[in-house]
């Protein structure tokens, strides 16, 4: 029902019919998930799933250090993908979404008995940056920032414990605490940045093929925007970024935190 509400809202408002793709990608762990061709995020055509793909990411045996042998395998990716609010509809009928479940998958996971694949993490934070940029430009140009965690799941697949495992891997877990986004109006001054934290750990070795997919199932509610809708998030920073015009012999850009509440 909620998916139907969203589709009705989106189709009535903006005629969305194609998959939504990220406008920009950044990575804090470029050696394991490269921002250039190594991270991808799209929304399913019916907006029921947010697909995240990490072609370079793989489970590997940790490199020995200080004379100690490796005792576990690990993988980790920290990446940010950027969308704009118009990607999610506009008009008189709006919708908001939350993450209901997370599915991790890989084409070839190899574990020996006792490797014990004990930890899988899928975490997503949503940061919304709101600019007061106008035409013509009026200074100072500022940005407010609103942030909230949408999902933070850490699960134990419990495979490779009493027997080996070799083959395609897929694991799904429900999100017990779905957090809804705010209502989206389609404002171009609103930039949506999704921060991904993907992590895995074994007790004693194990490897995977390169390429992990993490799919986030979505649920929806139809909503009606009010000014209070913009007072969203677990963290709110007013004037998170502030830029002023250049005067002779003066710095052109000033950036500082002004209000955290």
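In the numbering used here, the protein residues as written are 1166 to 1426.
By construction, the Cβ of each residue, glycine as well, lies at the ideal position given by its N, Cα and C atoms.
Predicted, not measured: the structure shown is a model, and the values here were computed from it.
Beta-carbon within less than 7 Å of residue i's beta-carbon, same chain only, minus the 5 sequence neighbours each way: which residues are those?
{"i": "residue 1399", "result": "1312, 1313 and 1314"}
Straight-line CA distance for residue i to residue j?
{"i": "residue 1293", "j": "residue 1191", "result": "16 Å"}
{"i": "residue 1377", "j": "residue 1278", "result": "22 Å"}
{"i": "residue 1335", "j": "residue 1360", "result": "22 Å"}
{"i": "residue 1389", "j": "residue 1402", "result": "24 Å"}
{"i": "residue 1391", "j": "residue 1250", "result": "16 Å"}
{"i": "residue 1212", "j": "residue 1383", "result": "8 Å"}
{"i": "residue 1172", "j": "residue 1264", "result": "Any reading at residue 1172 must be qualified, since the residue scores a pLDDT of 49, below 50, and its modelled position is unreliable; no value is offered."}
{"i": "residue 1270", "j": "residue 1295", "result": "34 Å"}
{"i": "residue 1218", "j": "residue 1267", "result": "13 Å"}
{"i": "residue 1253", "j": "residue 1358", "result": "13 Å"}
{"i": "residue 1170", "j": "residue 1385", "result": "A caution first: residue 1170 carries a pLDDT of 43, below 50, which makes its placement in the model too unreliable to give a value."}
{"i": "residue 1216", "j": "residue 1380", "result": "5 Å"}
{"i": "residue 1331", "j": "residue 1273", "result": "7 Å"}
{"i": "residue 1260", "j": "residue 1228", "result": "47 Å"}
{"i": "residue 1188", "j": "residue 1355", "result": "13 Å"}
Along the chain, where does the beta strand (DSSP E) that runs through residue i open and close?
{"i": "residue 1388", "result": "1377 to 1388"}
{"i": "residue 1362", "result": "1355 to 1367"}
Should residue i be labelled buried (16 or more other beta-carbon atoms within 10 Å of its own) or exposed?
{"i": "residue 1323", "result": "exposed"}
{"i": "residue 1245", "result": "buried"}
{"i": "residue 1210", "result": "exposed"}
Grab me the residues of residue i's own chain with a C-beta within less than 8 Å of its C-beta, minus the 5 sequence neighbours each way, in chain order.
{"i": "residue 1394", "result": "1347, 1348 and 1388"}
{"i": "residue 1199", "result": "1192 and 1221"}
Leaving out the 5 sequence neighbours to the left and right, which residues in its chain are closer than 6 Å to residue i when beta-carbon positions are compared?
{"i": "residue 1370", "result": "1226, 1238 and 1280"}
Which runs of the alpha helix (DSSP H), 4 residues or longer, sit entirely within the stretch 1277 to 1353? The stretch 1277 to 1353 contains no whole alpha helix (DSSP H) run of 4 or more residues.
In the stretch 1188 to 1271, which residue ranges form an unbroken beta strand (DSSP E) of at least 3 residues, counting only runs that do not cross its ends? Runs of the beta strand (DSSP E) inside the stretch 1188 to 1271: 1189 to 1192, 1205 to 1208, 1214 to 1219 and 1238 to 1249.
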